[in-house]
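In the order they appear, the protein sequences are chains A and B. Just so we're aligned, residue 20 is where the first sequence starts under the numbering used here, counting upward by one. Just so we're aligned, residue 778 is where the second sequence starts under the numbering used here, counting upward by one. Where is the CB? At the ideal position from N, CA and C, for every residue including glycine.
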Amino acid sequence: MSYVDGGYTVALVSLFVYGVALVLRRRRWEKAVKATDSEEPAGPGTRS
Amino acid sequence: MNAIATASRPRWLSVVGILGVIALAFTVWLGLWITPPDAVQGNLARLLYIHPPIATVALYWAGGVALAGSLLYLWPRTRSFFWDRLAASAVEVGAVFSALTCITGSIWGRPAWGVWWAWDARLTSTALLLLLELGYLALRRVPADPAVRARRCAVAALLIALDVPIVHFSVVWWQTLHQSGTVLDPGFRLHVHGSMAWTFLLGFIAFSLIFVWLLGVRYQVEVLQDRVGDQEMEISLAERWDEGSELIGVGTAVGTATPERPEGGGQ
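Right, dumping it as structure tokens:
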């Protein structure tokens, strides 16, 4: 793999992985909001 | 789906994300297959269609939003958790772009300079930017009252913002291995032309759109986290109050008064 291919791969894959992770985080917290709305002590539990 | 969850997904954000992906795909296609090799650097110059746009997002877009959000939070007349959440989101997304700036720059530097890393003013100040952003994110995880946390983080964001002009002017203030303006020189004269210039421009647009999308989604996460935190606090306070009332109820039997429970039970 050339340096050019390596650079593009690292940049694009990193952004893709971060984007997917953010979407999954959003989904998890939406479920947590739904759970706490029905007064269940569920959810990721930590607050950053 | 809960009302707040659905309300926090605006349609325009999805459109920005889709446009960003399309623009990025075109940037990669133009950058890798359509544009000609550079007269001096050959194919290595193709890395410059992504490295300067990523650095621009990390430095100016993320740094600018973090600074503006923090100042607007610190200013009493505009103080709102909206600005705090926006700044926090910008710093996290900015940290990703700062890391990618260092990595893609390093991958370009190895064949161009012969080293992966040099303690050059531009590289060092960019690495410092990343460290400051990581420090901000660590500070944000320290348990504290939301207002105290927001104030601490706003001050930390000002430190990040102080580094931005240092990164920008480092190639002017010091003799550096890093070249001065890659696209524009200090006199705003363009260094690239034709298809290379268009690919550069598209790269800037693509990464800017991707930044806006990531910022929007990260902001939604921040809102949801705070919402859950507030609700957990209310439930916890209500439970504690009930426990306290039961204990005081026992005390009442021997002559002490029971206080009234406040409405809402929380903050």
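Three-way DSSP call (helix, strand, coil) for residue i in this model
i, result
"Leu967(B)", "strand"
"Leu31(A)", "helix"
"Arg786(B)", "coil"
"Pro888(B)", "helix"
"Asp1003(B)", "helix"
"Met20(A)", "coil"
"Gly38(A)", "helix"
"His945(B)", "helix"
"Arg856(B)", "coil"
"Ala921(B)", "coil"
"Pro951(B)", "In the sequence as displayed, the identity of residue 951(B) is Trp instead of Pro. Of the three classes helix, strand and coil, the one that applies to Trp951(B) here is coil, per DSSP."
"Asp897(B)", "coil"
"Gln1008(B)", "helix"
"Val793(B)", "helix"
Bridge partners - residue i, DSSP secondary structure assignment
i, result
"Asp815(B)", "Gly819(B)"
Reference residue i; option with closest CA among the options
i, options, result
"Gln997(B)", "Asp815(B), Gln818(B), Gly797(B) and Ala865(B)", "Ala865(B)"
"Leu836(B)", "Ser947(B), Asp1003(B), Trp975(B) and Ser883(B)", "Ser947(B)"
"Phe981(B)", "Leu809(B), Val834(B) and Gly891(B)", "Val834(B)"
"His723(B)", "Thr901(B), Pro920(B), Leu825(B) and Pro813(B)", "Residue 723(B) lies beyond the residue range present for chain B, which begins at 778 and ends at 1044; the question has no answer from this structure."
"Asp1003(B)", "Trp48(A), Ser57(A) and Ala54(A)", "Trp48(A)"
"Ser857(B)", "Leu967(B), Val892(B) and Ala927(B)", "Ala927(B)"
"Ala889(B)", "Glu1009(B), Arg917(B), Asp815(B) and Ser1013(B)", "Asp815(B)"
"Ser33(A)", "Ser875(B), Ile1012(B), His970(B) and Val994(B)", "Ser875(B)"
"Met973(B)", "Thr812(B), Arg786(B) and Arg788(B)", "Thr812(B)"
"Leu905(B)", "Pro942(B), Pro787(B) and Arg966(B)", "Pro942(B)"
Neighbourhood of residue i by C-beta distance below 6 Å, restricted to the same chain and skipping five residues each side
i, result
"Leu849(B)", "Thr855 and Trp860"
"Leu844(B)", "Ala938"
"Ser957(B)", "Val948"
"Asp897(B)", "Thr953, Leu954 and His955"
Beta carbon of residue i nearer than 8 Å to that of residue j
i, j, result
"Ile884(B)", "Gly26(A)", "yes"
"Leu936(B)", "Gly797(B)", "no"
"Val793(B)", "Trp990(B)", "yes"
"His955(B)", "Arg899(B)", "yes"
"Glu910(B)", "Val868(B)", "yes"
"Cys879(B)", "Leu907(B)", "yes"
"Leu821(B)", "Tyr22(A)", "yes"
"Gly761(B)", "Gly840(B)", "For residue 761(B) there is no data in the structure shown, the boundaries of chain B being 778 and 1044."
"Leu1001(B)", "Val52(A)", "yes"
"Thr55(A)", "Glu1023(B)", "no"
"Ile831(B)", "Ala30(A)", "yes"
"Ala933(B)", "Gly912(B)", "yes"
"Glu999(B)", "Arg862(B)", "yes"
"Val994(B)", "Val36(A)", "no"
"Trp838(B)", "Phe988(B)", "yes"
Same chain, Cβ closer than 8 Å to residue i, neighbours up to 5 away in sequence not counted
i, result
"Leu979(B)", "Ala800, Phe803, Thr804 and Leu807"
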